[in-house]
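Numbering (the working numbering), first residue to last: 465 to 775.
We treat Cβ as the ideally placed atom computed from N, Cα and C, and that holds for glycine.
Only one structure is covered here, and it is reproduced in the block below.
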Ligand code: HSE
């Protein structure tokens, strides 16, 4: 007897400063919920979308959850009718992995509904199919990877390397502040140059290497110094009013480092401990308020679990 399955998939911070398209981590909330239940025979349908759902289409081929779930069903040759109910806790266009969370929750819910034919890691390419439609076709796993697997995840584009879950200092907390703005990922990617010069590339890969070393060696100073993005941030900062001031406010309040979360407009700061993260988030919000921007804050340790079945 088929029964309803519900999966929660958390928000994520992609890029983590210097790791454009290859590094991300999960936080505990917000997140998206997807329920998979028996539906009309031979069909995959999205019966409803709730929550932060404005403008999200119900059509399977235009919806990140729908595309991801269909890619999985086609791969499995599965014909059972499945109906999806989506509850969006993560605003779209926020820079906190909204499309990735829906895609991950959908593939995991469908996989559980079918009796778990695939492992968690095997679900990644199908979730990426869904994520790609929100990203102008680009398949980068820096949101989907940590959302699905949990933790701090390195997702190199080298096809021979599977996502790598990195260890990190347990005291690390993220302060994520989301101003009331929308930035489409496609737009934030379109403003980036197609090429970068050698000097910029050397700086960036030095920072990524140092960040990974800092995480593995529990070196908070090295982590902080490595959180510099010379590839995307110089172009994207202009999309977020007051970004330089918010960043300074975070660092002045004790953050180890600060940058744009994913494609923005959310800004994240990495902090040592929950109390510092709280104080940093408040300072960032006050700074946004000087630009007449209201904001939400999320404070979280790194979420080691990723998506979870909740029913
Ligand atoms: N790495 C991606 C970007 C994350 O920065 O465009 C957003 O999808």
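So is the beta-carbon of residue i under 7 Å away from any non-hydrogen atom of ligand 1?
i, result
"residue 506", "no"
"residue 649", "yes"
"residue 604", "yes"
"residue 671", "no"
"residue 485", "yes"
"residue 653", "yes"
"residue 570", "no"
"residue 596", "no"
"residue 726", "yes"
"residue 701", "no"
"residue 607", "yes"
"residue 478", "yes"
"residue 599", "yes"
"residue 696", "yes"
Excluding the five sequence neighbours on either side, which residues of its own chain have a C-beta within less than 6 Å of the C-beta of residue i, listed in chain order?
i, result
"residue 764", "491, 492, 638"
"residue 604", "485"
"residue 573", "469, 471, 498, 500"
"residue 530", "510, 524"
Apart from the five residues on each side of it in sequence, which residues of its chain come closer than 7 Å, Cβ to Cβ, to residue i?
i, result
"residue 728", "559, 647, 652, 700, 703, 704"
"residue 695", "484, 660, 664, 668"
"residue 680", "630, 631"
"residue 431", "Lying outside 465 to 775, the shown extent of the chain, residue 431 is not represented and no answer is given."
"residue 532", "567, 570, 571, 590, 591, 593, 594"
"residue 734", "636, 638, 687, 691, 719, 720, 721"
"residue 465", "At residue 465 the pLDDT is 47, less than 50, meaning the model places this residue with poor confidence and gives no usable figure here."
"residue 767", "474, 490, 491, 492, 614"
"residue 730", "558, 559, 560, 640, 641, 642"
Taking the DSSP output, what are the residues bridged to residue i?
i, result
"residue 619", "Beta-bridge pairing links residue 619 to no other residue."
"residue 742", "In DSSP, residue 742 forms no bridge with anything."
"residue 666", "None, per the DSSP bridge assignment."
"residue 630", "616"
"residue 512", "549"
"residue 413", "One cannot answer for residue 413 here, as it falls past the ends of the chain, which runs 465 to 775."
"residue 470", "499"
"residue 641", "731, 761"
My output table needs one value for residue i: the three-state DSSP class, helix, strand or coil.
i, result
"residue 712", "helix"
"residue 646", "coil"
"residue 699", "helix"
"residue 562", "helix"
"residue 761", "strand"
"residue 526", "helix"
"residue 774", "coil"
"residue 732", "strand"
"residue 679", "helix"
"residue 542", "coil"
"residue 609", "helix"
"residue 585", "helix"
"residue 492", "strand"
"residue 752", "helix"
"residue 685", "helix"
"residue 501", "strand"
"residue 465", "Any reading at residue 465 needs caution, since the residue's pLDDT is 47, under 50, leaving its predicted position unreliable; the model's value is listed next. It is coil, neither helix nor strand."
"residue 475", "strand"
"residue 486", "coil"
"residue 568", "helix"
"residue 520", "coil"
"residue 724", "strand"
"residue 671", "helix"
"residue 537", "helix"
"residue 690", "helix"
"residue 575", "helix"
"residue 603", "coil"
"residue 592", "helix"
"residue 597", "helix"
In chain order, what residues of the same chain have a beta carbon less than 8 Å from the beta carbon of residue i, not counting five sequence neighbours either side?
i, result
"residue 674", "686, 689, 690"
"residue 761", "639, 640, 641, 642, 745, 746, 748, 749"
"residue 775", "468, 469, 470, 499"
"residue 621", "485, 486, 604"
"residue 534", "508, 524, 525"
Determine, for residue i, whether the minimum Cβ-Cβ distance to residues of chain C falls below 8 Å.
i, result
"residue 578", "Absent from the structure is chain C; it holds one protein chain and no more."
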